[in-house]
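Everything below concerns the one structure shown next.
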Amino acid sequence: MKIRIKILLGYVLLAVLVVVVALVGFRATHSMGRHFDEAINRTQPVLQALQDIRFGSVALEGDVYRSVHEARALASPEVGPATDPRRGFAELDAAVTRYRGLVTAHFPHEAEDAAKIAGEIGALEDAVEKLRVGALSGAEADRALAELSGSVARVLDATEKAAAAELDEFVAYQRGVDDELAAQERMIGAVALVALLCALFAGARIAGLVARPVVALRDAARKLGGGRFDTRVAVTDDTEVGELAQAFNAMAEQLAGSMVSREYVEDIIDSVAEGIIVVDREGRVERVNHAFRALFRSTDDHVFAGRPIADYLPDSEVIEAAFSTPIARHWIETKMPAADGDVLVVALSVAGLQSTNARAGAVVLVHDITERKSNEERLSYLARYDQLTGLPNRTLLLDHLNQSLARQPWKKEHTAVLFCDLDRFKFVNDTLGHCIGDLLLQAVADRLQDCVRPGDIVARWSGDEFVVLLNDVANRCDVRPLAERLVAQLSRPVDLRGHEIFVTASVGIAISPEHGTQADELIKCADIAMFAAKAEGKNTCRFYSRDMAERSQERLQLERALRRALQEGNQLQVHYQAQKRLDGPLIGFEALVRWQHPELGLIPPAHFLPVAEEAGLMAAVDETVLRIACAQARQWQMEGTQGLRVAVNVSDHLFRRGDLPELVAALLAEFDLPPSALELELTEAVVMSDIESSIRTLHHIRDLGVDLSIDDFGTGYSSLAHLKRCPVQMLKIDRSFVNDLMTDPNDAAITEAITALAHKMNIQVIAEGVETEAQLEALRRYGCDAIQGYWLSKPIPASLLPAFLLRVGHPRAAAPETEQCEECASAA
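Residue 323 in our numbering is what sits at position 322 of the sequence shown, and the numbering runs on without skipping anything.
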């Protein structure tokens with residue numbers, strides 16, 4: 002009988018026994034197992050959803066607490082979460098939705114618990130939202146945090162009760178299943194025992210037939226594996242084992258005649274892209290592959306074999322460690338000198354050779370990571386240094402400043418911070434381009450470094466702002482000479498690509514511990530002092546003082562109040578100063594903005610317009626004035642007053658916004674005004690900056706029929722070639738020329754020249770600041786067309802305009818009784 006038939010009969014018997022046992026077990030446990038799995042599949046997702054709700058609630062609470070504490074650490078008077086909790090909300094809502102869906106599908110009787118948990122989550126989110134919506138005071142934040150903690154506690158309590166109920170229900174069901182399973186297992190065990198005895202008997206029988214020839218084959222295979230290729234097995238029968246013995250003998254003969262060649266293994270090693278070094282136990286190189294030769298940049302006649310591995314890899318201790326633990330793989334980053342003198346950064350992978358050869362050492366894989374390490378160092382440099390100037394950036398400066406302040410309690414010296422801001426850098430960028438601006442910043446950085454001591458630090462804060470950190474300052478008075486030297490050095494001209502550039506700096510000084518002991522506090526004080534230096538004329542330095550902080554706070558409060566005034570729309574007012582032809586009627590009025598604050602009273606433009614300029618609110622102020630002026634022009638028309646126009650100043654901010662023609666067209670349509678009722682005044686700087694774009698915008702406005710005039714003419718840098726292309730109807734001679742018209746021949750000559758030039762170009766001329774009869778007569782001799790100034794009237798509130806018009810006799814359909822003002826009494 003063939004041995005495979007014997008084995009087949011044994012497997013058939015074993016299969017029958019297995020089927021019997023399986024049928025008994027399947028019938029007993031199928032139903033029970035199905036219900037048990039179903040209970041697990043229902044209960045487990047519910048428990049997981051509850052766990053997600055618990056973790057999400059606690060995590061959200063922790064994030065909010067951490068954000069609030071961070072805000073408090075920054076000494077902010079108003080606190081609130083620094084991070085947006087919407088992601089935490091989304092995760093909590095997703096977990097609650099998943100939990101309620103599972104309860105509805107599988108455990109309807111727990112719907113009330115699910116609804117309670119959902120309600121608690123809603124209360125939790127409301128508590129977090131209260132903290133997020135707006136900044137809260139400390140007491141309000143504490144109350145909101147307490148409410149948040151209560152909501153989290155209630156969520157945890159509700160989820161814990163729901164989870165306990167789920168577990169109790171599951172445990173009770175599991176206990177009943179376990180009892181039934183134990184009974185079925187006893188029955189299955191009895192059947193399995195009988196089957197096992199039968200299988201053992203059959204197995205022993207078959208083993209006796211197969212084991213002896215198989216053992217002989219095993220012993221022969223071991224000998225063959227040990228290199229004894231002359232091993233053969235005796236063939237004793239014609240069964241499959243006999244055929245296997247014949248096949249084994251044939252394989253041994255073929256193996257003896259077809260050993261793998263050494264050249265084939267060498268080719269495989271040389272094909273690997275990474276460098277490979279084989280080292281013996283004495284630490285000498287046995288061989289290297291082509292990749293390592295290329296990495297080492299060796300010459301063709303260089304001999305590696307027999308040389309110490311330390312000649313190529315100085316850190317060779319890790320290779321020696323691999324000899325004692327051949328199974329482990331060791332990794333190391335080290336430097337490797339190349340044959341041409343370069344030093345490479347390489348990553349080594351070292352593994353001991355698993356061989357019975359006593360000389361077997363280790364295999365080293367060498368990977369070149371020089372470029373990667375260079376990129377990492379570059380990124381680390383960019384994170385702490387300014388790329389343009391090479392100076393430390395804000396992050397590194399604050400690190401040094403914090404370290405200096407931390408050492409201060411143990412030393413007597415002071416730490417000083419100098420905050421430097423270039424005064425005319427934006428002008429350089431706008432006129433000469435950002436490339437020249439970058440070169441200027443580099444030149445400034447070099448000059449600052451030349452002025453300080455070796456231990457001091459110069460850093461670029463942002464844009465055209467630099468910070469100088471002076472460590473170990475013995476006396477406060479030692480700082481001023483250095484600051485003055487900085488100002489003097491920066492005021493010297495800089496020659497960049499043929500451009501001689503003059504730029505100055507304003508420097509603010511703060512000293513610790515006098516002005517603060519925290520880095521951000523010291524920087525803030527120096528910044529405030531720098532703004533004080535700018536306000537006092539620039540190109541100077543100022544020490545920080547308490548009154549500077551108060552003025553800065555007042556400026557901030559004024560900015561906030563101005564923003565509220567623009568939003569409310571009822572605080573900004575317009576006063577009107579008359580414009581009159583020299584020997585003719587009124588032309589109209591120039592609209593001049595005033596701010597009537599409900600508490601501070603009337604705030605002059607010189608006080609709040611610089612704040613609006615710095616805060617980016619000038620466009621909004623201009624738009625408000627333009628709307629009020631158009632409303633006043635409409636009022637004149639409704640009252641029957643004819644022949645007047647209102648002139649409105651337009652700042653660079655509104656002009657460069659890009660929508661001025663559309664805004665003017667919309668206001669003319671809104672108030673039903675003819676274009677002749679409106680005039681826009683622009684300064685030379687506004688018109689001549691980006692001249693091509695400016696001319697296009699001016700033509701769009703002129704196409705609407707609105708007149709244009711250039712204000713303060715003669716004080717800027719107008720180009721006559723560009724001026725002749727601008728569609729302007731009037732030039733306004735600046736008051737600085739009119740004031741000294743009778744005493745300064747130069748001002749008189751300039752005024753006469755401007756008038757003659759404008760008339761040659763068919764442009765009318767109006768003179769500002771006319772206050773005396775003598776000035777009026779001089780302007781009449783020069784041929785000036787119109788005047789504006791106190792000789793005619795001061796700026797008049799809108800409520801007093803009817804009385805003024807009545808006083809000067811301007812024609813109108815109706816003249817209602819109005820009070821007479823001081824300005825009317827002084828009208829010409």
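Beta carbons are placed, not taken as given, at the ideal position from N, Cα and C, and that holds for glycine.
- At least 8 Å separates the beta-carbon of Val687 from that of Phe714.
- Spatial neighbours of Leu93 in its own chain (CB-CB distance under 8 Å, excluding positions within 5 residues in sequence) are listed in chain order as Ile54, Gly57, Ser58, Leu61, Ile122, Leu125, Glu126.
- With fewer than 16 other beta carbons inside 10 angstroms of its own, Val215 counts as exposed.
- Excluding its 5 nearest sequence neighbours in each direction, Val153 has C-beta neighbours in its own chain below 7 Å: Ser58, Val59, Glu62, Leu125, listed in chain order.
- DSSP, read as helix, strand or coil, puts Asp447 in helix.
- The alpha helix (DSSP H) runs of length 4 or more contained entirely in the stretch 645–730 are, from start to end of the chain, 653–657, 661–671, 685–689, 692–704, 721–724.
- According to the DSSP secondary-structure assignment, Leu366 is paired through a beta bridge with Ile277, Ser350.
- The stretch 623–641 makes contact with the stretch 572–587, as at least three CB pairs between them are under 8 Å.
- The Cβ atoms of Leu683 and Val651 sit closer than 8 Å to each other.
- Within the model, the alpha-carbon separation for Leu573 versus Gly602 is close to 11 Å.
- In this structure Tyr100 is buried. Its beta-carbon is surrounded by 16 or more other beta-carbon atoms within 10 angstroms.
- Bounds of the beta strand (DSSP E) holding Arg288 are 286–289.
- Counting C-beta pairs closer than 8 Å gives three or more between the stretch 512–521 and the stretch 413–420, which meets the contact rule.
- With a contact defined as Cβ atoms closer than 8 Å, Leu398 and Ile458 qualify at about 7 Å.
- Excluding sequence positions up to five before and after Ala768, its CB lies within less than 6 Å of the CB of Ile734, Val739, Leu780, Cys785, Ile788, all in the same chain and listed in chain order.
- With 16 or more neighbouring CB atoms inside 10 Å of its own CB, Asp623 falls in the buried class.
- Three or more beta-carbon pairs separated by less than 8 Å link the stretch 462–473 to the stretch 421–433, which places the two stretches in contact.
- Secondary structure of Arg144 (DSSP, three-state): helix.
- Excluding the 5 residues flanking it on each side, Ile502 has same chain C-beta neighbours closer than 8 Å at Val429, Leu433, Ile437, Leu441, Pro494, Val495, Asp496, in chain order.
- By the Cβ criterion, the stretch 306–313 is not in contact with the stretch 388–397, since fewer than three pairs of Cβ atoms, one from each stretch, lie closer than 8 Å.
- DSSP places Phe805 in the helix class (H, G or I) of the three-state scheme.
- DSSP assignment within the stretch 382–423 yields the following whole beta strand (DSSP E) runs of 3 residues or more, N-terminal first: 415–423.
- Around the C-beta of Leu557, fewer than 16 other C-beta atoms lie within 10 Å, and the residue is accordingly described as exposed.
- For Ala253, DSSP assigns no beta-bridge partner whatsoever.
- In the structure shown, Asp473 falls within a strand segment according to DSSP collapsed to helix, strand and coil.
- In this chain, the alpha helix (DSSP H) harbouring Asp528 covers 520–536.
- DSSP places Glu772 outside any alpha helix (DSSP H), giving it a letter other than H or E.
- Measuring C-alpha to C-alpha distances from Ala340 to each of Val445, Phe293, Arg736, Glu334 identifies Phe293 as the nearest.
- DSSP places Met337 in the strand class (E or B) of the three-state scheme.
- The beta carbon of Leu674 sits closer than 7 Å to the beta carbons of Cys631, Ala634, Arg635 from its chain, once the five residues preceding and following it are set aside; these are given in chain order.
- In the DSSP annotation of this structure, the continuous segment of the alpha helix (DSSP H) that includes His760 starts and ends at 746–761.
- For His576, the uninterrupted beta strand (DSSP E) run begins and ends at 573–582, by DSSP.
- Here Asp451 is exposed: its Cβ has fewer than 16 other Cβ atoms, across all protein chains shown, within 10 Å.
- Pairing Leu709 with Leu681 gives a Cβ-Cβ distance under 8 Å.
- Rounded to the nearest angstrom, the gap between the Cα atoms of Arg595 and Phe544 is 34 Å.
- In the displayed model, Gln247 falls within a helix according to three-state DSSP.
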